[in-house]
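Using the working numbering, the letters of the sequence shown map in sequence onto residues 1493 to 1754. As structure tokens, the structure follows; a few thoughts come after it.
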Amino acid sequence: MAGHNKWSKIKHRKAQVEKKKTKLWSKISRAIMVAARNGGGDPETNLSLRYAIDEARYANMPRDTIERAVKKGTGDGDQSSFETVRYEGYSPGGIAVVVDALTDNRTRTIVDVRNSFLDVGGNVGASGCVAYMFQPRGIIIVSGKGLTEDRLLEIVIDAGALDVNSTLDPDADPHADPDDPEDDSGVRAFEVTTQVAAFGAVRDAAERANLTIVAAELTMIPDTITAVAGEHAKSVLSLVDALEDLDDVQKVYTNADIHDEE
1493 MAGHNKWSKI
1503 KHRKAQVEKK
1513 KTKLWSKISR
1523 AIMVAARNGG
1533 GDPETNLSLR
1543 YAIDEARYAN
1553 MPRDTIERAV
1563 KKGTGDGDQS
1573 SFETVRYEGY
1583 SPGGIAVVVD
1593 ALTDNRTRTI
1603 VDVRNSFLDV
1613 GGNVGASGCV
1623 AYMFQPRGII
1633 IVSGKGLTED
1643 RLLEIVIDAG
1653 ALDVNSTLDP
1663 DADPHADPDD
1673 PEDDSGVRAF
1683 EVTTQVAAFG
1693 AVRDAAERAN
1703 LTIVAAELTM
1713 IPDTITAVAG
1723 EHAKSVLSLV
1733 DALEDLDDVQ
1743 KVYTNADIHD
1753 EE
């Protein structure tokens, strides 16, 4: 169920790409600029920049937009000074929330973040109050079309993957056989988990094997998840949407387990 829930979130995020493409591209551009400014404009030697560019690719950002962001970060254009900040807190139901942002105005950002929490009855806590409940990980979602789990394991485990989980695409035929790679009506997605240090190597191994990568990102995975339903689930979803709608916010992580029906 946890894997199914994560895949649903990925699909939800991909739907939001179309709904809020301009805002998403703006956030990714900011991440590219900051990575290029801090580590240089060559993604071969600047892993942070490479990961940001990869995220841009998966969001279908045009190449010229990516290149402009890199140039701005290395000094050709906008010289705004952004810094990385992290906020932590709780939503109703005791759900832990971690918010990563890039901002050129800490006062503006904390006010916006705090108001988002307050609007749903949550609260922002002190630094470190919930982050210890999460572990930094790499997540790579691979299309299961024409791919067996054994074959995927051969490719990614040797490259350093920690775990592989499979799940039915929520839009697939519920009566399909998920173990039949030739049955497109039951196409699965595979979720590959890695340590941060192995993320690039595992993703590269998947690409060399010509696997279809649906999404790949560095993220924060909770040590344990907490099931929420009803009004608490509504509050969590409302909070995440409000936070992700803020220009300064890059990523939002929670330990909520919300059933698809919610």
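We put the CB at the ideal spot given by N, CA and C, even for glycine.
As assigned by DSSP and simplified to three states, the class of residue i
i, result
"L1738", "coil"
"V1706", "strand"
"M1553", "coil"
"I1632", "strand"
"D1546", "helix"
Assumed close pair residue i, residue j - CB separation to whole angstroms, cut-off 8 Å
i, j, result
"V1656", "F1682", "6 Å"
"R1643", "T1686", "18 Å between Cβ atoms; not a contact."
"V1562", "A1528", "5 Å"
"V1589", "E1580", "7 Å"
Spatial distance of residue i from residue j (CA atoms)
i, j, result
"D1737", "S1608", "10 Å"
"K1637", "S1619", "43 Å"
"D1707", "Y1624", "The residue you asked about is not Asp; residue 1707 is Ala in the sequence shown. Between A1707 and Y1624, the C-alpha separation is close to 25 Å."
"R1606", "R1578", "12 Å"
"A1698", "T1716", "28 Å"
"R1560", "G1567", "11 Å"
"G1533", "I1632", "24 Å"
"E1547", "I1520", "7 Å"
"G1613", "T1711", "26 Å"
"G1531", "E1754", "42 Å"
Enclosing alpha helix (DSSP H) for residue i [first to last residue]
i, result
"T1514", "K1513 to G1531"
"F1691", "F1691 to R1700"
"D1642", "E1641 to I1649"
Segment limits, beta strand (DSSP E) that includes residue i
i, result
"I1602", "Where I1602 is concerned, there is no enclosing beta strand (DSSP E), although the alpha helix (DSSP H) it sits in stretches over R1598 to D1611."
"F1682", "R1680 to T1686"
"S1583", "E1575 to S1583"
Fill in: contact_flag[the stretch 1592-1606, the stretch 1540-1558] where n(CB pairs < 8 Å) is 3 or more
Judged by Cβ distances under 8 Å, the stretch 1592-1606 makes no contact with the stretch 1540-1558, as fewer than three pairs qualify.
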